[in-house]
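Residue numbers (the numbering used here): 52 to 247.
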Amino acid sequence: MEELLLDSGFNNIAGIDEVGRGSLAGPVVSAAVVLDKKLLIDNPLKFNDSKKLSPKKRKELFNKIIYSRSIFSIGISTNNEIDDHGILNSTKKSMKEALKKINYDYAIIDSVNLNLNKPYFNFNKADTISASVAAASIIAKVSRDSIMKKIYDNLYPEYFFKNNKGYGSKKHIDIIKKNGISFIHRKTFKPNSEYL
Numbered sequence: 052m053e054e055l056l057l058d059s060g061f062n063n064i065a066g067i068d069e070v071g072r073g074s075l076a077g078p079v080v081s082a083a084v085v086l087d088k089k090l091l092i093d094n095p096l097k098f099n100d101s102k103k104l105s106p107k108k109r110k111e112l113f114n115k116i117i118y119s120r121s122i123f124s125i126g127i128s129t130n131n132e133i134d135d136h137g138i139l140n141s142t143k144k145s146m147k148e149a150l151k152k153i154n155y156d157y158a159i160i161d162s163v164n165l166n167l168n169k170p171y172f173n174f175n176k177a178d179t180i181s182a183s184v185a186a187a188s189i190i191a192k193v194s195r196d197s198i199m200k201k202i203y204d205n206l207y208p209e210y211f212f213k214n215n216k217g218y219g220s221k222k223h224i225d226i227i228k229k230n231g232i233s234f235i236h237r238k239t240f241k242p243n244s245e246y247l
């Protein structure tokens, strides 16, 4: 996909994706990535949707991206912003925050319509077709997982965020039923709203 855009004269093609929309706790994290042309043309590293990769493979590809000439940025919307503005608006905010920190002339966005002032295209499952969006999904996923493991798991060890990353596993929901919610749980999400 990006090869067609490059042939049309676009040089800095940003892929944008998010992680954490369905989580019960923690932020939604978006990433914008303009891949180094060596990593973009023909997708030599076989970038794919971060959810389809093992944690080890995600980390390996994350390092390849950040230590290349790729340009990337993340944007974050907190659980409080999600409760105040809704998950869709918070996702859009985090995506726009990531995009405004990088220089791009065309954006490919996974699912969400951002109504940008620059040329863009958004469609579902973009991370399975676009190497740039797949790279953004990897940057966002590794970044958010790191926040959940290295910060929030230390603050709230009883919720096992290092394992569930804030998602609604059975064990996580059982802990919420027993202990209530923490400061980083989303109050407007079920079942959290039942345990305020």
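For each residue, glycine too, the CB sits at the ideal point set by N, CA and C.
Small disclaimer: the values here were computed from a predicted structure and weren't measured.
Candidates the options: closest to residue i by CA position
| i | options | result |
| --- | --- | --- |
| F172 | A158, I180, S101 and I133 | A158 |
| Y210 | T142, G231, V163 and L104 | G231 |
| E148 | K238, E69 and R237 | E69 |
| S185 | M199, N166, K200 and I160 | Looking at the sequence itself, residue 185 is Ala, so the reference to Ser does not match. The shortest C-alpha separation from A185 is found at I160. |
| I153 | D93, N63 and E245 | N63 |
| A182 | R109, F61 and I92 | I92 |
| I133 | T239, D58 and K102 | T239 |
DSSP bridge partner residues for residue i (one or two, in chain order)
| i | result |
| --- | --- |
| I67 | A83 and I160 |
| A182 | Partner(s): none; A182 has no beta bridge. |
| N168 | N168 is not bridged to any residue. |
| H236 | A76 |
| F174 | D161 |
Three-way DSSP call (helix, strand, coil) for residue i in this model
| i | result |
| --- | --- |
| I224 | helix |
| F113 | helix |
| S145 | helix |
| I125 | strand |
| F212 | helix |
CB-CB length for residue i against residue j, believed under 8 Å
| i | j | result |
| --- | --- | --- |
| D178 | D100 | 4 Å |
| Y218 | G73 | 7 Å |
| L105 | A191 | Reading the sequence as shown, one finds Ser at residue 105 and not Leu. Not quite, the Cβ-Cβ distance comes to about 17 Å (not below 8 Å), so this is no contact. |
| V79 | S128 | 5 Å |
Burial state of residue i (16 or more Cβ within 10 Å)
| i | result |
| --- | --- |
| K144 | buried |
| Y118 | exposed |
| F113 | buried |
| S59 | exposed |
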